[in-house]
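Residue numbers (the working numbering): 7 to 331.
One structure is given below, encoded as structure tokens.
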Amino acid sequence: CAVKRAIFETTVALPPTHITASTSVDQIIVSVSQHKFFHFHFYTFIQLLTRFHFQKQGSTGHSTWTTLVHCRFFGHCPGYGHKAHGLGFWTDRSAVHEAAAQGQALQLQQLIEGGAAVNIVAVDSITPLHEACIQGQTQCVRLLLDAGAQVDARNIDGSTPLCDACAAGSLECVKLLLEYGATVNPPLFTFSPLHEACMGGNSDCVQLMIDQGAYMEAHDCHYGTPLHVACARQHYDCAKVLLNAGANVNAAKLHETALHHAAKTKNVDLVELLVEFGGNVYARDNLNKKPIHYTSLGSPCYLCLEFYESKFVYILCLHPVTACM
């Protein structure tokens with residue numbers, strides 16, 4: 007909308023001699039794009055859209071601030087020549103990002119002592135602390151936190167460094183972030199740190215997050231609860247930790263339970279675990295399917311679920327429910 011508005015307002019501002027009845031659409035666009043008013047509007051639009059500024063080391067070794075519009079719209083990026091073109095230039099990390107991600111603690115320390123900003127963000131709002139946590143670089147995480155890195159910084163998806171450390175399965179990074187006050191249950195519309203820990207598959211991280219008060223029934227609109235995630239990824243130990251801690255075995259996402267996920271993955275051990283904790287073998291999802299419907303006839307999972315279904319029927323036959331008059 008902003009670009010359309012810029013073109014419209016610039017077209018109105020152009021002298022009448024620029025546009026005639028025979029002027030083609032392509033000619034109008036070329037004329038508009040060369041007009042100073044369009045440059046102003048487009049500059050403002052890009053600035054709002056991408057945060058606009060990013061930092062990159064120039065050939066002189068000094069940090070230079072430049073603008074995306076010079077590189078992408080005007081085709082010129084002072085001091086960088088052909089290096090300014092291509093997607094990589096949009097997403098390049100700073101030297102602090104690189105040192106943190108690669109675990110170069112000595113280089114990171116030198117950068118910090120030299121006055122480098124520890125909370126600098128890339129275009130996707132990833133901070134050096136995010137990078138260090140994604141890679142499980144505990145020493146770099148400590149250096150950044152000691153230097154004042156924001157422990158609950160959000161990236162473009164809303165994830166915090168704790169989410170990244172949990173996803174990486176780095177128990178030491180998780181402990182360190184919690185020590186520095188990381189929020190266990192940040193307000194998110196997507197994966198919580200506990201979801202990420204279940205995705206990563208480190209049961210020790212899952213246990214630690216639960217011990218710190220993580221919400222076991224936190225619900226992601228796409229993936230459901232942490233138990234759903236653990237079962238979908240076939241992380242048996244994580245599922246067992248959640249169930250032992252009291253997670254709802256029959257929590258539903260679009261009527262789909264963790265047992266449906268276990269059946270889909272053909273993991274008979276998970277199926278048995280969930281049923282032992284009260285998983286409902288008769289639960290139906292939004293397609294009106296029971297877990298057994300996602301297994302192959304005669305497969306171990308099919309036979310397991312068939313056994314439990316018949317077992318429950320047998321128990322009901324032994325203990326019929328009588329109507330109360």
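Built from N, CA and C at the ideal position, the CB exists for glycine as well.
Among the candidates 225, 228 and 150, whose CA atom is the shortest distance from the CA of residue 332?
Past the edges of the chain, shown from 7 to 331, lies residue 332, and the structure says nothing about it.
What are the partner residues of residue 230, as DSSP defines its beta bridges?
According to DSSP, which records beta bridges pairwise, residue 230 is partnered with 226.
Beta-carbon proximity list for residue 239, same chain, < 8 Å, skipping 5 on both sides:
204, 205 and 207
Work out the CA separation of residue 315 and residue 200 for me, nearest whole Å.
32 Å
Exposed or buried, which one is residue 305 when buried takes at least 16 other CB atoms within 10 Å?
exposed
Quick check: what's the CA-CA separation for residue 329 versus residue 171?
Because the pLDDT of residue 329 is 44, which lies under 50, any placement of that residue in the model is unreliable, and the number read from its coordinates should be weighed accordingly. Answer to the nearest angstrom: the Cα atoms are 54 Å apart.
Assign residue 246 to one of three DSSP states: helix, strand, or coil.
If DSSP states are grouped into helix, strand and coil, residue 246 belongs with the helices.
Do you know whose CA, among 198, 246 and 283, lies nearest residue 210's CA?
246
DSSP state of residue 296, grouped into three classes?
coil
Determine, using beta carbons only, whether residue 147 and residue 138 come nearer to each other than 8 Å.
yes
From 295, 278 and 282, pick the residue whose C-alpha is nearest to that of residue 310; which is it?
278
Presumed contact (8 Å Cβ cut-off) between residue 237 and residue 264, rounded CB distance:
4 Å
Under a Cβ-count criterion, where at least 16 other Cβ atoms within 10 Å of its own Cβ denotes burial, should residue 273 be classed as buried or exposed?
buried
Leaving out five residues on either side along the sequence, give the residues of the same chain with a beta carbon under 7 Å from the beta carbon of residue 158.
166, 188, 189 and 192
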